[in-house]
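Here is the structure we will look at.
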Amino acid sequence: MCGKALVERESKKGAKYYGCTGYPECKFMTWDEPIHDKCPQCGTPMFRKKGKGAKVYCAKEGCGYEKAAYADKDKE
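If you use full-length UniProt numbering, the sequence shown corresponds to residues 1 to 76, in order.
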């Protein structure tokens, strides 16, 4: 990730993905939804992976921070 904003885009088949506004210099893209929270370990934006094995994770290589996506649901 280069630090520029991510935008929601649509593939040719209609699937939602998120890509960097710095394209073509930055080729970062992900199918996982970006969330407003920052990683508590490094401050990098975090993403939510849906489906089986749902989790919230840090996008920075080498950080490795992650937690279950719905772990805090009972606290609401």
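C-beta atoms are modelled at their ideal positions from N, C-alpha and C, and glycine is treated no differently. Note that the structure is predicted; figures quoted are calculated from it, not measured.
Boundaries of the beta strand (DSSP E) harbouring P45: P45 to K49, taken from the DSSP string. Judged by DSSP secondary structure, P40 falls outside any beta strand (DSSP E); it is assigned neither H nor E.
Here the alpha carbon of C63 sits roughly 10 angstroms from the alpha carbon of P40.
Looking from the CA of W31, the closest CA among P24, Y65, E66 and L6 belongs to L6. For Y57, the uninterrupted beta strand (DSSP E) run begins and ends at K55 to C58, by DSSP. Taking C-beta atoms as the reference points, A69 and A54 count as a pair closer than 8 angstroms. Bridge pairing for C20: L6 [DSSP].
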